[in-house]
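For our numbering, count along the sequence shown from 1 and bump the result up by 814. Down below is the structure, laid out as C-alpha cells.
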Amino acid sequence: MKKIDLRSDTVTLPSTDMLDAIVNAELGDDVFQEDLTVNKLEELAAKITNKDSALFVPSGTMANLVAIITHCNRGDEVILGDQAHTFLYEAGNISSFGGVHSRQIQNQEDGTLLLDDIKDSIRKNDIHFPITKLICLENTHNRCSGMPLTIGYMDEVVEIAKNNSISVHVDGARIFNAAIALNVAVKDLVKDVDSVSFCLSKGLSAPAGSLICGSNKFIDDARRNRKALGGGMRQSGVLAAAGIIALDTFKNRITDDHHNARIIAEGISDLNGININLDRIKTNIIYFQLNHSDIGSIQFLDKMKESGIHFFEISSNNYRLVTNSGISSEDAEAVVSEFQNVLS
Ligand SMILES: *Cc1c(COP(=O)(O)O)cnc(C)c1O
C-alpha cells in the first residue's frame, strides 16, 4: 500500500536532480563566505525577491529568529498575528533568545491583520512602553487555510510601517505558493518590505534550509546573528545545491499541489459530517472540520492511516491536509475515494 502523506509539505524528499547536484556541488567554508554553491544560492534568492542580498540558514524557524533579532533590540516590540507561526510554533524563541516582546493581534480568517488593529498597536513614545520596531506578516498563512496575502494588502501594511518608521518582515515560508496562487512575481509581492524569509524544504522539496533576503546592511547584521545562534554551517553547499534546483525547477510544480488540493477539497466537501469552506482553498493547505454521528476523531484518523493516508488533527475536530510533491493527482483522487468509504 502506498503511503499518502498529507501531514505537511516538509515530508517531501529531494529529487534525483537534487541528489546529483549535491554530489557535484563546489564546496568551501561558508562561514568564510567561500562556498561557491551557497553564494550562488544566495544570489539567486536575492534576485528572485529583488533584494540586495540573501543569507542561507538551516531552517525557517532560524530565519524568522535571525530576522526578528536583527530588526529588534532586546525590549523592543514586534506586532504579529495571534495565529502566526512565529508566535505559535517557534518555541517562544524571539522572547527567550532575543528578548523581543510580542504584541499579538487577531488574525482574520484570510491571514491578514486589520489595518486599524495594526495602527492601534503601534506604541506612542512613552517611557512606560516598549518601542515598536517591527510588523511581521505571514504569506501564505499556514493557520489561516494557506491563504495568500495580496500585493494590495502588503502595500497598505508597508505604508503604515513607513509612516511610523518601523520595519516589515514577511515570514514567507510558502511565498512561492502565494505568488503562484495570485499569479504574481515573488519580487512584486515583497517589493517594499524590509525582509522576507522563505523555506526550501516545504513545497520546494529540498532537504533543508531557508533564506532571509533584505538590504546589504541588514544581511550583514543577520550574518553575525546567524553565527551567534550557531547557524554558520561550513560546507553547506551540499544543501544549497539542492536549493538551487528547488528554485530553478520546483517552484513551477507547486501549481500541481494547488490543483491537487482543489481535487481533494471539492471531492470531500459534500461528504457526511465534513465542513469545509471551498472559498478558502487557494493553495496547498486544506483545513476541514468533522462532526460525524458514528465516527470520532481517533477512529477517523486510524481508519485513514490503515488505508495509508496520514494527516494531523490540528485542534479538536479540526484537520489539516497539505498537498506536496509526493502526492500525484491519482493520489488526490484516491484520498477522495477513501474519505467516501469511511464517511458514507
Ligand atoms: C514551516 C514554517 C516555518 C518554519 O520552518 P522550519 O523549517 O520548519 O523551521 C515558519 N513559518 C511558517 C509559516 C511555516 O509554515
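Glycine included, each C-beta is placed from N, C-alpha and C at the ideal position.
Please tell me whether, using a cut-off of 7 Å, the distance from the CB of residue i to the nearest non-hydrogen atom of ligand 1 is below it.
i	result
R1134	no
S1019	no
G874	yes
D1071	no
C1013	yes
T884	no
S1009	no
N1086	no
R1067	no
T964	no
N956	yes
T824	yes
K1016	yes
H942	no
R1190	Only positions 815 to 1158 of the chain appear in the structure, and residue 1190 is not among them; the question remains open.
R821	no
H899	yes
S1024	yes
N878	yes
What number of angstroms, rounded off, separates the C-alpha of residue i from the C-alpha of residue j?
i	j	result
F943	S935	11 Å
D1002	A1055	26 Å
E857	K1119	42 Å
L948	F990	23 Å
S1024	M1047	13 Å
G1110	D1116	10 Å
P955	F1153	Here residue 955 is His; the residue named in the question, Pro, does not match the sequence. Those two C-alpha atoms are separated by around 26 Å.
I818	C1013	22 Å
I1058	P872	15 Å
T851	N1030	19 Å
G966	N838	42 Å
G1028	G1122	42 Å
G1051	G986	22 Å
K1041	N1138	32 Å
Going by DSSP, what residue range makes up the beta strand (DSSP E) through residue i?
i	result
N1132	N1132 to V1136
R917	H915 to I919
A868	S867 to V871
E891	E891 to G895
D985	S981 to D985
E856	Run containing E856: none in the beta strand (DSSP E); it sits in the alpha helix (DSSP H), L850 to T863.
V1010	S1009 to C1013
F1102	I1099 to L1104
E904	Here E904 belongs to no beta strand (DSSP E), and DSSP marks it neither H nor E.
F1126	F1126 to S1129
So is residue i buried or exposed if we call it buried at 16+ other beta carbons inside 10 Å?
i	result
F846	exposed
Y903	exposed
K1065	buried
L1135	buried
M815	exposed
A860	buried
D1006	exposed
L1092	exposed
E923	exposed
L929	exposed
E891	buried
D969	exposed
S1107	exposed
S1009	buried
T830	exposed
D823	buried
D896	exposed
T1069	exposed
N1104	The question names Asn, yet the displayed sequence has Leu at residue 1104. So L1104 ends up on the buried side.
A993	buried
R988	buried
Locate the alpha helix (DSSP H) running through residue i, then write down its first and last residues.
i	result
L841	Neither: L841 is in no alpha helix (DSSP H) and is coded neither H nor E.
S1143	S1143 to L1157
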